[in-house]
Amino acid sequence: MKGDLFSSEHMVQPAVTPGMTVQNAKSIKYAVNGDMLARQGAMIAYRGNLQFERKGQGVGGMLKRAVTGEGLPLMTVRGQGEAWFAHEAQNCFIVDVEPGDVFTVNGRNVLCFDSTLSYEIKTVKGAGITGGGLFNSVFTGHGRLGLICDGNPLVIPVSPQQPVFVDTDAVVGWTAHLHTSLHRSQSIGSMIRGGSGEAVQLKLEGEGVVVVRPSEVTPQKTQQH
23 MKGDLFSSEH
33 MVQPAVTPGM
43 TVQNAKSIKY
53 AVNGDMLARQ
63 GAMIAYRGNL
73 QFERKGQGVG
83 GMLKRAVTGE
93 GLPLMTVRGQ
103 GEAWFAHEAQ
113 NCFIVDVEPG
123 DVFTVNGRNV
133 LCFDSTLSYE
143 IKTVKGAGIT
153 GGGLFNSVFT
163 GHGRLGLICD
173 GNPLVIPVSP
183 QQPVFVDTDA
193 VVGWTAHLHT
203 SLHRSQSIGS
213 MIRGGSGEAV
223 QLKLEGEGVV
233 VVRPSEVTPQ
243 KTQQH
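Using this note's numbering, you'd call the opening residue of the sequence shown number 23 and step up by one each time.
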């Protein structure tokens, strides 16, 4: 067979090292040698001797249900082989979490991660029940985290002199040492995303960065997987 489809740009090559790599803009490849975790339903292909196991609820069931922010559970992938992950053709990115790092991410943006990472679900301080991500996943430890995003994300620096205000539906995540609170602005309510009346943004203060997606798709979109 010949044609652009079969060019080296699209042809998958064998993995040379274990772990997570970006296969292309829309998918992540994970060379499994042991175990890892992924968003349930996100596996699009695999080869080798791999087993896929739903994460049980059990103790800490809320944690397992809420890690994606939309109630989607996780799965464990075990064995030796290669697996590819994607979700609705969203763009894929990898974050390297190192000891001492704390990265808070909206669960809807979690695709897969190393089992060496620790994660817990926390409510967004100051956001109450109106925040775009009531439960966010807080990752610590040492490993790689695969994220998805509608479009190319914006990474905006935050400093004590310049807090950043973000749409609660657009925020992807933020680094440690940032404080969150809700900010209500009635004057611009009719200017943001076609809304009217009082607008609510998430205010981030401190020293770090916040990641924002350029999509206006709301997190209430139902999942069919």
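Where a beta carbon is used, it is the ideal one built from N, C-alpha and C, also for glycine. In this text the structure is predicted, and so the values were computed from the model without any measurement.
Query, Result
"Give me the Cα-Cα distance between G82 and P121, rounded to the nearest whole angstrom.", "Confidence in G82 is poor, its pLDDT being 46 and thus under 50, which makes the residue's placement too unreliable to answer from."
"Note down the Cα distance separating V124 from G165, rounded to an integer number of angstroms.", "12 Å"
"How many angstroms separate the CA atom of V127 from the CA atom of V193?", "8 Å"
"Which of the three DSSP states, helix, strand or coil, is assigned to G101?", "strand"
"Among the residues of its own chain, which have a CB less than 6 Å from the CB of T162, if the five just before and after it don't count?", "V124, S140"
"Which residue spans inside the segment 103 to 182 form an unbroken beta strand (DSSP E) run of at least 3?", "113 to 119, 125 to 128, 132 to 136, 139 to 145, 157 to 163, 165 to 171, 176 to 180"
"Classify N174 as buried or exposed, calling it buried when 16 or more other Cβ atoms lie within 10 Å of its own Cβ.", "exposed"
"Quick one: complete beta strand (DSSP E) runs, 3+ long, within the segment 33 to 84?", "41 to 46, 49 to 61, 65 to 76"
"Do W196 and V232 count as a contact pair if the criterion is CB distance below 8 Å?", "yes"
"Let me make sure I understand the geometry here. Which of R61, M42, A60, L59 has the alpha-carbon closest to that of Y52?", "M42"
"Quick one: what's G195 bridged to in DSSP?", "V127, V233"
"Could you check the C-alpha separation between E142 and M23 for me, to the nearest Å?", "48 Å"
"Kindly indicate which three-state DSSP category T202 falls into: helix, strand or coil?", "strand"
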